[in-house]
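Inspection log for the structure reproduced underneath, given as structure tokens.
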Amino acid sequence: MSPPENNLPFQLTGLVGREREISEVKALLTETRLLTLTGSGGSGKTRLALAVAFEVAEGYEDGAWLVELAPLSNPELVPQAVASVLGVREAPGGPLLGTLADHLRSTSMLIVLDNCEHLIEACAGLAEALLRLCPNLSILATSREGLGITGETIFAVPPLSLPDPRRLPA
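Here the sequence shown is numbered in our numbering, starting from -14 and rising by one per residue.
Have a look at this one:
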């Protein structure tokens, strides 16, 4: 059996010092369909999300898909960004959200919504609508703050710990 499709970027280096967090986030994804990794800028939310998504992708028949939201400034483009990544074309005469839901309704998929903080309301609305309509969809979001919707689980990404300078290897 071939692995499911995805668009996750291959990481050139391993994620060092985050083994506990990877394990915890993977466990949480088995319990919730909306998991948001929160933390300050540069705390490693995206890298952690990608590491987890790469490890759990095989558990989703239709794979894991990364939607990068950092370049967007218009909240109305959030559904379009998801549709573009998934190759979903807008059906004439209907809203894109409906077309997305129709496409995702019978799939088993993980969508990683990366950098939601500047589009919180749009991401929350999209996530809530898709999760209500698509029973086998899971969303792993990264943001400086939670999306604030029912069913969301928040995982606060701790800063990487530094080694004790008195106990450094020779």
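C-beta atoms are modelled at their ideal positions from N, C-alpha and C, and glycine is treated no differently.
- In this structure, Glu106 places its C-beta atom within 8 Å of the C-beta atom of Pro60.
- Fully contained in the stretch 64 to 119 are the following beta strand (DSSP E) runs of length 3 or more, in chain order: 94 to 99.
- Collapsing the DSSP output to three states places Leu0 in coil.
- Looking at the DSSP output, Leu22 bridges to Thr127, Phe140.
- Restricting attention to Pro64, Gly29, Met94, the CA atom closest to the CA of Leu19 is found in Met94.
- Rounded to the nearest angstrom, the Cβ distance from Thr138 to Asp99 is 17 Å, too far for a contact under 8 Å.
- A residue is called buried once 16 or more other Cβ atoms fall within 10 Å of its Cβ, and Ser123 is buried on that count.
- Leaving aside the five residues that flank Leu13 on each side, the residues in its chain whose CB is nearer than 8 Å to its CB run, in chain order, Leu20, Thr138, Phe140.
- One Cα belongs to Pro143, the other to Leu89, and the distance between them is close to 32 Å.
- Counted as a single uninterrupted DSSP element, the beta strand (DSSP E) harbouring Leu51 occupies residues 49 to 53.
- Straight-line spacing of the CA atoms in Ala49 and Gly79 works out to 26 Å.
- Straight-line spacing of the CA atoms in Gly136 and Arg151 works out to 44 Å.
- Nearest to Leu35 by C-alpha distance, out of Val67, Cys119, Cys108, Asn(-9), is Asn(-9).
- Judged by beta-carbon spacing, Val52 lies within the 8 Å limit of Val97, meaning their Cβ atoms are closer than that value.
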